[in-house]
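Structure first, then comments.
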Amino acid sequence: MKKIREYVTDYAAGKFWEETVRDAEEMGECMHVVNVYPDVTYQKMRGFGGAFTESAAHNYAGMSDVRKKEMIQAYFGQDGLRYNLGRLPIGSCDFGLGNYAYVEEGDETLSTFSVAHDEKEIIPLVRDAQEACIEEMAFMAAPWSPPAFMKTNGEMNHGGKLKEEYYPAWAAYFVKFVEAYREAGIPVNFLTTQNEPMAVQTWDSCIYTSEEEARFVREHLGPALEKAGLSDIGIYVWDHNKEEAYQRFREVMADEGTKKYVSGAAVHWYTGDHFEAVELIRKQYPDKEVFFTEGCVEYSRFADSGEVEKAEMYAHDIMGNLNAGISATFDWNLFLDVAGGPNHVGNFCAAPVMCNLKEDTFEKRLSYYYIGHFSRYIAPGAVRIGVTRYSDAVEGAAFLNPDGGRALVLLNKTEKEIPVTVREAGDGMETVLAPHSIHTICY
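With the first letter of the sequence shown counted as 1, position 228 gets the number 420 in the working numbering; the numbers rise by one all the way through.
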């Protein structure tokens with residue numbers, strides 16, 4: 193340890209990733225210590241990213257070429273969040289202009305399958321992200337609903353179930369999507385079987401029990417991918433809130449035939465922390481990964497929250513997830529308009545980057561900078577390492593990057609200044625965490 197770089201975001205002081213460089217000092221026995229232990233290792237990180245929804249793509253398409261370049265660099269460029277992951281909807285979701293599928297209604301043979309809809313705005317956005325990204329991007333895809341004719345309620349919205357007779361066709365639909373996107377130069381590396389499979393929503397949704405999800409994977413999706421030569425694609429189940437994640441995962445994994453096809457679990461944050469659920473999955477199934485695949489600040493619940501509260505919501509959840517064993521983090525929409533949409537059912541929310549299409553401007557919210565304290569400094573392939581803290585007022589997580597560098601993220605959500613001595617093997621530095629600030633320390 194020689195030079196230490198500290199990056200600080202302090203909203204009250206107007207600091208955003210502000211850098212300070214100092215020499216490491218010898219640190220003996222002292223108070224206020226956060227110790228880092230790089231020899232104690234946990235999960236390997238795949239990276240950070242966001243969702244390429246139709247809403248995000250539509251907002252991006254409505255901006256000028258100059259603004260588009262700035263916006264894409266803000267997420268994927270070296271000076272931005274350095275995202276390397278993307279989440280793709282298989283068909284429509286709530287953050288879109290309406291319901292859509294890739295086949296004509298009633299086409300049981302999928303002969304009309306086409307992703308032409310996505311070629312208008314979604315795929316151009318993805319390609320711009322790939323071009324700007326400093327790493328090779330990886331993508332996770334998930335459906336919100338099968339086509340209406342495949343479902344028990346005859347529509348894409350309001351839940352309903354996949355009809356038994358369409359299990360094979362729906363698995364073939366996944367394969368066709370993956371092949372179409374790969375042909376477009378977009379690698380789909382991971383799939384989830386269903387977004388939020390226990391939520392009957394006013395928007396695109398479909399319900400699966402644990403047994404139904406397991407059977408679909410075991411008898412249809414897994415074999416269909418194998419037959420198409422796509423067994424390299426990881427299948428992640430659940431893709432819903434953390435509070436039921438362990439129980440659901442345990443039920444799906446009870447069948448050995450299903451287990452061999454499943455790479456891990458996917459979770460959302462909408463019902464609270466439940467970091468222990470992630471930890472339980474990782475401990476009970478150490479050969480499986482857990483991805484965080486969706487979170488956002490919903491206007492229906494948090495419209496009156498301030499920017500600091502929104503940003504700390506992100507940082508606290510990311511920190512807790514990482515310390516519990518999460519290997520990849522996907523935020524929700526990349527870009528939303530000033531209303532928090534468009535959204536075809538009025539389910540508006542915030543995003544780290546908000547666009548004003550009329551004025552051709554965009555705003556980086558405070559949450560953008562808080563996410564950056566993780567995504568900019570924890571590189572793909574980094575390994576989480578051991579940390580001890582002198583107080584629970586300091587939230588922290590540390591990583592060993594592939595180049596040997598360390599990245600320690602510290603969060604202060606309190607109203608008070610918190611002194612911290614960062615120490616590894618006797619060397620380190622002293623700093624002060626300002627009230628409601630976040631720091632990343634690299635050495």
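All C-beta atoms in this analysis are idealised placements derived from N, C-alpha and C, irrespective of residue type, glycine included.
{"query": "Given 8 Å as the limit, is there contact between the segment 344 to 358 and the segment 368 to 376, that is, 3 or more CB pairs closer than that?", "result": "no"}
{"query": "From this set, V470, M390, Q386 and T304, which residue's C-alpha is nearest P338's C-alpha?", "result": "Q386"}
{"query": "Could you spell out the range, first to last residue, of the alpha helix (DSSP H) harbouring I577?", "result": "It is not in any alpha helix (DSSP H) - I577 instead sits in the beta strand (DSSP E) that spans V575 to R581."}
{"query": "Bridge partners for F566 per DSSP, in chain order?", "result": "According to DSSP, F566 bridges with nothing at all."}
{"query": "Taking C-beta to C-beta, are I314 and A420 nearer than 9 Å?", "result": "no"}
{"query": "Output the distance between the C-alpha atoms of A216 and V614, rounded to the nearest integer angstrom.", "result": "10 Å"}
{"query": "Let me check understanding here. Comparing Cα to Cα, which of P534, P281, M505 and R581 lies closest to K605?", "result": "M505"}
{"query": "Verify the CB distance criterion: does K260 have a CB-CB separation below 9 Å to chain C?", "result": "Absent from the structure is chain C; it holds one protein chain and no more."}
{"query": "Only counting the same chain, and skipping five residues up and downstream in sequence, which positions put a Cβ closer than 8 Å to that of N525?", "result": "G242, A243, T245, S247, A248, F287, C488, C541 and A543"}
{"query": "Taking buried to mean at least 16 other C-beta atoms within 10 Å of its own C-beta, is C222 buried or exposed?", "result": "exposed"}
{"query": "Determine which residues share a DSSP beta bridge with A363 and list them.", "result": "The partner list for A363 (beta bridge, DSSP) is empty, contrary to what the question assumes."}
{"query": "Please name the residue, chosen from V226, Y203 and E218, that lies closest to I633 on a Cα-to-Cα basis.", "result": "V226"}
{"query": "In whole angstroms, what separates the C-alpha of V213 from that of K207?", "result": "15 Å"}
{"query": "Does the beta-carbon distance from I630 to V228 come in below 9 Å?", "result": "no"}
{"query": "Between which residues of its own chain and D447 is the CB-CB distance below 7 Å, once the five residues before and five after are set aside?", "result": "A406 and R410"}
{"query": "Give the secondary structure of R598 by DSSP, where H, G and I count as helix, E and B as strand, and everything else as coil.", "result": "strand"}
{"query": "Going straight from the alpha carbon of I563 to that of K502, what length do you get?", "result": "11 Å"}
{"query": "Among V429, A574 and F494, which has the Cα closest to the Cα of S455?", "result": "V429"}
{"query": "What residue does the beta strand (DSSP E) around P335 start on, and which one ends it?", "result": "A330 to P335"}
{"query": "Whose C-alpha, out of R598, L602, Y365 and R576, is nearest the C-alpha of Y582?", "result": "L602"}
{"query": "Report yes if the CB atom of F484 is closer than 9 Å to the CB atom of M263, and no otherwise.", "result": "no"}
{"query": "Our contact map puts L413 next to A363 with C-beta atoms below 8 Å; I'd like the distance itself, whole angstroms only.", "result": "5 Å"}
{"query": "So, Q235 versus R557, is the Cβ gap smaller than 9 Å?", "result": "no"}
{"query": "Quick one: using the 10 Å Cβ neighbour count with 16 as the cut-off for buried, is V459 buried or exposed?", "result": "buried"}
{"query": "Output yes or no for whether 9 Å exceeds the beta carbon distance between G665 and S567.", "result": "As shown, the chain starts at 193 and ends at 635. That puts residue 665 outside it, with no answer to give."}
{"query": "Do W461 and N433 have their CB atoms nearer than 9 Å?", "result": "yes"}
{"query": "CB-CB under 7 Å to V482, same chain, minus the five flanking residues each way: which ones, in chain order?", "result": "G456, A457, V459, V470, I473, R474, G517, I518 and S519"}
{"query": "Whose C-alpha, out of K261, P379 and F366, is nearest the C-alpha of F408?", "result": "F366"}
{"query": "If we count the other Cβ atoms within 10 Å of its Cβ and call it buried at 16 or more, is D523 buried or exposed?", "result": "buried"}
{"query": "Please give me, in chain order, every unbroken run of the beta strand (DSSP E) with length at least 3 that falls completely inside the segment 419 to 457.", "result": "426 to 433"}
{"query": "Using only alpha-carbon positions, find the residue among K261, N291 and T450 that is nearest to P316.", "result": "K261"}
{"query": "Rounded to whole angstroms, what's the CA-CA distance from Q187 to S306? Just pull it up for me.", "result": "Any property of residue 187 remains undetermined from this structure, which presents the chain solely from 193 to 635."}
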